[in-house]
Amino acid sequence: RPFRLSRLAVCVLLAAAAACAAGQRSLLCGINVDPMNTAYGNPPPSAVEHLNSTWVRVEFQDGSTGAQPQQFPAYDPVVDGFVAARINVLMILDYSTYPGSPGSSGTLDQWQAYAKSFAERASAIAAHYQDKVAAYEIWNEEDLADPSPSYDPTMSPDAYAYLLHAGYNAVKGSSPHSVVVMGGLASGNPAYVTSVMQAASPPGTLYADAVGLHPYGQRPFPDWPSSTWGFGVLTDLLQNYVNVIGGKPIWITEVGTNDLSVQDDFPSQTFLSIQQWNPAACPVVMWFCWSDGMVDPFGVVDVNNNPKGSYFSYQGYANQTFVPPQ
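Remember, the numbering used here sits 745 above the position in the sequence shown when you count from 1.
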């Protein structure tokens, strides 16, 4: 049976703490893939296994309307393959899962109407996969500060609080043991989470088992790659979120860099930074991404499927001794 993080991540937190005390690797490492990008983003489970990744993050894309999605035939063999290889699946449910999201200009009424259809589809997906999908992430970069016509995931805290609550109930009603992750936050502003919680019913509630984060541009250590690289220190940002999320774990569901001068060592330095800081507070880190053919040049392999320096950096850290909880 595949190892699952399905009990509010309690097993992960306990295992991370025990592994850290024993000097073992104490993070669960994942990789972002894209099964719909069949040329570049759909590695076989054996390739992900060779990377020593224990997680994949997959966006469920379906442009049809109605509760029942049409893309199960495309995703079923992908999910089944990873499950058979004992690789956990985090599935993103977002603007690509159900069409017609109102975007940053949408009113609360428009978002609430959309959330009803979105939740019906989320329920159908979770009922179909049950705990084959170990975790569901509700939306992606809902706090993005600079949306564009070509990429507009941004939602007001009020709108996201409503959609998150609906998505959480939909998933838990169909697959109660799957982890629900708040959509990966991109702004670096923890006040957004506070506002979402204040807008929830009842106020102060966060309808998620973990908080997703995309800490791009954060340097792993104060002086690596240099004291001026990027626009902050990763662990400082993590602590800022820990201070407001009420004991929930952070899951980094995307992180990476397009700075080729430091990319080779970036995975191992990032993992090591979190391990030395507080792995119980951030037990899961998912790298972006598998291939340069998904988003150039972020991949750990190039467009010819050749491993890059970041591949070996990731693999070397992830290969350290770690026994996941059963």
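Virtual Cβ for every residue (Gly too), placed ideally from N, Cα, C.
Classification of G992 by the beta-carbon crowding that lies within 10 angstroms, buried from 16 upward:
Residue environment analysis places G992 among the exposed positions, since fewer than 16 neighbouring C-beta atoms fall within 10 angstroms of its C-beta.
Do Y952 and A944 have their CB atoms nearer than 8 Å?
In this structure, A944 does not lie closer than 8 Å to Y952 by Cβ.
Any contact between the region 824 to 835 and the region 799 to 813? By contact I mean 3 or more CB pairs, one from each, below 8 Å.
As far as the Cβ criterion goes, the region 824 to 835 touches the region 799 to 813, which means the pair count is three or higher.
In angstroms, rounded to a whole number, what distance separates the CA positions of V1048 and S1036?
Cα-Cα distance, rounded: 6 Å.
Do the CB positions of G949 and Q1008 come within less than 8 Å of each other?
No, Cβ-Cβ distance for G949 and Q1008 is not below 8 Å.
Hey, how far is the Cα of D891 from the Cα of P935?
Approximately 17 Å between the Cα atoms of the pair.
Can you tell which of P818, Q813, Q815, V828 has its C-alpha closest to the C-alpha of P789?
Measuring from the Cα of P789, the nearest candidate turns out to be V828.
Can you tell which of R866, N787, T939, Y874 has the C-alpha that lies nearest to the C-alpha of D825?
It is Y874 whose Cα lies nearest to the Cα of D825.
Does L930 come out as helix, strand or coil in the three-state DSSP assignment?
DSSP, read as helix, strand or coil, puts L930 in strand.
Go through its chain and collect everything with a Cβ distance to V823's Cβ below 8 Å, but skip five positions before and after it.
P780, N787, V803.
Tell me which residues share the same chain as L930 and place their Cβ nearer than 6 Å to its Cβ, disregarding the 5 neighbours each side in the sequence.
Its chain contains D888, L958 as the residues whose beta carbon lies nearer than 6 Å to that of L930, once the 5 sequence neighbours on both sides are disregarded; these appear in chain order.
Considering only the alpha carbon of each residue, which of V978, P1042, Y961 lies closest to D968?
When only C-alpha atoms are compared, the closest one is V978.
Looking at the unbroken beta strand (DSSP E) that takes in E804, where does it start and where does it end?
Residues 800 to 804.
What's the C-alpha gap between Y843 and D854?
One Cα belongs to Y843, the other to D854, and the distance between them is close to 17 Å.
Counted within 10 angstroms of its Cβ, other Cβ atoms place H922 as buried (16 or more) or exposed:
Around the beta-carbon of H922, fewer than 16 other beta-carbon atoms lie within 10 Å, marking it exposed.
On the premise that L772 lies in contact with Q1020, defined as a C-beta separation below 8 Å, what is that separation, rounded to the nearest angstrom?
Q1020 to L772, Cβ: 6 Å. Contact.
Please go through the region 782 to 839 and give each complete alpha helix (DSSP H) segment of 4 or more residues, from N-terminal end onward.
Qualifying alpha helix (DSSP H) stretches, in chain order: 790 to 795, 817 to 829.
Let's test the definition: count the other Cβ atoms within 10 Å of the Cβ of Y896 and tell me whether it reaches 16, buried, or not, exposed.
Around the CB of Y896, fewer than 16 other CB atoms lie within 10 Å, so the residue is classed as exposed.
Beta carbon of A1026 nearer than 8 Å to that of W996
Their beta carbons are not under 8 Å apart, which means A1026 does not touch W996 by this criterion.
Would you check if the distance between the CB atom of A871 and the CB atom of S919 is smaller than 8 Å?
Taking 8 Å as the cut-off, the beta carbon of A871 is found closer than this to the beta carbon of S919.
Cβ-based burial, T852 [other Cβ within 10 Å; buried from 16]:
Around the beta carbon of T852, fewer than 16 other beta carbons lie within 10 angstroms, which makes this residue exposed.
Could you please give me the residues that DSSP links to V1030 through a beta bridge?
V1030 is bridged to C774, I997.
Write down the C-beta distance between Y937 and A860 rounded to the nearest angstrom, noting that I regard them as a contact closer than 8 Å.
With 8 Å as the limit, Y937 and A860 do not qualify as a contact, their Cβ atoms being about 18 Å apart.
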